[in-house]
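Enquirer:
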Amino acid sequence: MSDASYTPTILALACQHRGYAAADLAGSMHLQYPASVRVIRLPCSGKADVLYLLRAFEEGADAVFVAGCKKGMCHYLEGNYNAERRVKYAKKLLDEIGLGGERLEMFFFDAADGPLFAQAVREMAERAQRLGPNPLGRPGPRQDVQEESQ
Amino acid sequence: MITGQQKPLAEIKEMTQPFHKVLIAGCGTCVTVCFAGGEKEVGILAAELRMARQLEGQPLEIVERTVQRQCEWEYVDPLQPEIEGVEAVVSLACGIGVQALAQRFPNARVLPGVNTSFLGLPEKPGLFTERCAACGNCILHLTGGICPIARCSKSLLNGPCGGSAEGHCEIDKEVDCAWQLIYDRLKALGQLDLMAEIIPAKDWSTNRDGGPRKIVREDLMLDIPEEGRFG
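Protein chains in written order, with our numbering: chain D, 470 to 619; chain B, 486 to 716.
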């Protein structure tokens, strides 16, 4: 991507037990990673519904990743496995839509994985740079969401 | 329950190509349980279609609505205002729901978003298997509660056939031999004598062979006979 003004917007849906803890640690360790990542804390990566993932892209995210616990370490036993299956399914849908499943990924972290979290953000930023901005652009807030919030 | 699978996005996209505003109508019963056409699937399909059309430079406005059952007039009728405001309806119900909408709203373009598959059950999360062929003449009391019409590849009434090997059907090793299942169950129930009884040729007139079927229950009808009317 040659557009120097393009800063990818990356959404991280992070499990509060390890993915979010890893993000927190990355901050405490003063690790450098692209500042354009938005981290949303989920009670478990298994809460990352396919609809959330699609809506993120519809709202203009350039790349999205789900940050779950390491396999076998899910606080709720299997939420991260469910998340992995849903991410895989959503990648297929993104391919069918024409956005490309590569814009979406699943990562597994331990709470001490601050450096790995920073690495994941960098990897998704690189992907988003290579793939270019989300071709859907950044639409304004959805009418129905505005109505719901009023 | 009735099971189904959502049609591929490409097929739904092609069906909706001429339109600029559509309603995606979900059904809150069977297709919700098999994750083909419930409220969540309506949301996912709407997001997919909106994005795919946006990428083609032909934005599609989508109204999302899910009713409890698309196969009953009382649940279908409230869709009228939404249907009048769109060019077409993508129904994520089974074929019954699609036809109910088409019958109730004769001017609406109703498009099927789901391929209705079979009558079955969710055996475990993510696996749905056929259990009933709706043949109209149940013999489950003779076969240990396992239906040879729906579950034997040949719908044999007196099985198993020579293609049964190690409990599997010759068409596919992943398919259980229904007659092996019947044998095992009858044995466990101490009813193996039923295996020796010949089940006579089936009367298929109660099946589709007899043409479209209907059930008439006069005791349930609400029509008042002419002689009973006042005035």
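Glycine included, C-beta positions come from ideal geometry on N, C-alpha and C. Because the structure is a prediction, the values reported are computed rather than measured.
Is residue 614 of chain B helix, strand or coil when you go by DSSP?
Expert: Position 129 of the second sequence, counting from 1, holds the residue named residue 614 of chain B. If DSSP states are grouped into helix, strand and coil, residue 614 of chain B belongs with the strands.
Enquirer: Could you tell me the alpha carbon to alpha carbon distance between residue 639 of chain B and residue 560 of chain D, rounded to whole angstroms?
Expert: Working through the second sequence from its first residue, we reach residue 639 of chain B at position 154. Working through the first sequence from its first residue, we reach residue 560 of chain D at position 91. Cα to Cα, residue 639 of chain B sits roughly 39 Å from residue 560 of chain D.
Enquirer: Does any residue of chain D have a CB that is nearer than 8 Å to the CB of residue 525 of chain B?
Expert: Along the second sequence, one-based indexing puts residue 525 of chain B at 40. So yes, residue 525 of chain B belongs to the interface.
Enquirer: Going by DSSP, what residue range makes up the alpha helix (DSSP H) through residue 584 of chain D?
Expert: On the first sequence, residue 584 of chain D is found 115 positions in, with the first residue counted as 1. For residue 584 of chain D, the uninterrupted alpha helix (DSSP H) run begins and ends at 583–600, by DSSP.
Enquirer: Going by C-alpha distance, which of B:620, B:495, B:624, B:654 is nearest residue 695 of chain B?
Expert: Position 210 of the second sequence holds residue 695 of chain B. Of the listed residues, the one whose Cα sits closest to residue 695 of chain B is B:620.
Enquirer: If I measure Cβ to Cβ from residue 593 of chain D and keep anything under 7 Å in the same chain, skipping five residues before and after, which residues do I get?
Expert: Position 124 of the first sequence, counted from the first residue, corresponds to residue 593 of chain D. For residue 593 of chain D, where only same-chain residues beyond five positions count, the Cβ hits under 7 Å are 479, 532, 534, 574.
Enquirer: Below 8 Å on the Cβ atoms is my guess for residue 508 of chain B versus residue 548 of chain B; work out the distance and round it to an integer in Å.
Expert: The residue given as residue 508 of chain B occupies position 23 in the second sequence. The residue given as residue 548 of chain B occupies position 63 in the second sequence. Between residue 548 of chain B and residue 508 of chain B the Cβ distance is about 5 Å, and since that is below 8 Å, they are a contact.
Enquirer: Rounded to whole angstroms, how far is the Cβ of residue 579 of chain D from the Cβ of residue 539 of chain D, which I believe are closer than 8 Å?
Expert: On the first sequence, position 110 is the one that residue 579 of chain D refers to. On the first sequence, position 70 is the one that residue 539 of chain D refers to. Indeed, because the Cβ distance is near 5 Å, the residues count as touching under 8 Å.
Enquirer: I need the DSSP call for residue 691 of chain B, collapsed to helix, strand or coil.
Expert: Position 206 of the second sequence holds residue 691 of chain B. Looking at residue 691 of chain B - three-state DSSP - the assignment turns out to be helix.
Enquirer: Residue ranges of each alpha helix (DSSP H) run of no fewer than 4 residues wholly in the stretch 505–575 of chain B, ordered along the chain?
Expert: 515–518, 524–540, 558–561, 565–569
Enquirer: So within the stretch 656–681 of chain B, which uninterrupted beta strand (DSSP E) runs reach at least 3 residues, ignoring any that extend past its ends?
Expert: 657–661
Enquirer: Whole angstroms are fine: how far does the CA of residue 552 of chain B sit from the CA of residue 714 of chain B?
Expert: By one-based count along the second sequence, residue 714 of chain B stands at place 229. By one-based count along the second sequence, residue 552 of chain B stands at place 67. Rounded to whole angstroms, residue 714 of chain B to residue 552 of chain B spans 35 Å at the Cα level.
Enquirer: Roughly how many angstroms separate the alpha carbons of residue 585 of chain D and residue 496 of chain B, rounded to a whole number?
Expert: Counting from one through the first sequence, the residue named residue 585 of chain D turns up at place 116. Counting from one through the second sequence, the residue named residue 496 of chain B turns up at place 11. One C-alpha to the other measures close to 41 Å.
Enquirer: Rounded to whole angstroms, what's the CA-CA distance from residue 687 of chain B to residue 536 of chain D? Just pull it up for me.
Expert: Mapped onto the second sequence, residue 687 of chain B falls at position 202. Mapped onto the first sequence, residue 536 of chain D falls at position 67. Approximately 58 Å between the Cα atoms of the pair.
Enquirer: Tell me the DSSP secondary structure of residue 606 of chain B in three-state form.
Expert: Position 121 of the second sequence, counting from 1, holds the residue named residue 606 of chain B. Of the three classes helix, strand and coil, the one that applies to residue 606 of chain B here is strand, per DSSP.
Enquirer: Determine, for residue 565 of chain D, whether the minimum Cβ-Cβ distance to residues of chain B falls below 8 Å.
Expert: As a working mapping, residue 565 of chain D is identified with position 96 in the first sequence. Cβ-Cβ to chain B under 8 Å: yes for residue 565 of chain D.
Enquirer: Which residues in chain B sit within 8 Å of residue 568 of chain D, going by Cβ to Cβ distance?
Expert: Locating residue 568 of chain D in the first sequence gives position 99, counting from the first residue. Under the 8 Å cutoff, chain B gives 536, 540.
Enquirer: At a cut of 8 Å, does the stretch 567–576 of chain B reach the stretch 589–604 of chain B through at least three beta carbon pairs?
Expert: yes
Enquirer: Could you have a look at residue 597 of chain B and say whether DSSP puts it in helix, strand or coil?
Expert: Numbered from its first residue, the second sequence carries residue 597 of chain B at position 112. If DSSP states are grouped into helix, strand and coil, residue 597 of chain B belongs with the strands.
Enquirer: According to the neighbour-count rule (16 or more other Cβ atoms, all chains shown, within 10 Å of its Cβ), is residue 541 of chain D buried or exposed?
Expert: Residue 541 of chain D sits at position 72 when you count from the first residue of the first sequence. Exposed is the call here.
Enquirer: Give the interface partners of residue 604 of chain D over in chain B, defined as CB-CB distance under 7 Å, in chain order.
Expert: As a first step, residue 604 of chain D is located in the first sequence; it is residue number 135 there, counting from the start. Within chain B, the residues near residue 604 of chain D are 540.
Enquirer: Taking Cβ-Cβ distances shorter than 9 Å, what residues in chain B pair up with residue 527 of chain D?
Expert: Mapped onto the first sequence, residue 527 of chain D falls at position 58. Under the 9 Å cutoff, chain B gives 532, 535, 536, 539.
Enquirer: Can you give me the C-alpha to C-alpha distance between residue 524 of chain D and residue 518 of chain B, rounded to a whole angstrom?
Expert: Along the first sequence, one-based indexing puts residue 524 of chain D at 55. Along the second sequence, one-based indexing puts residue 518 of chain B at 33. Distance between the alpha carbons of residue 524 of chain D and residue 518 of chain B: 23 Å.
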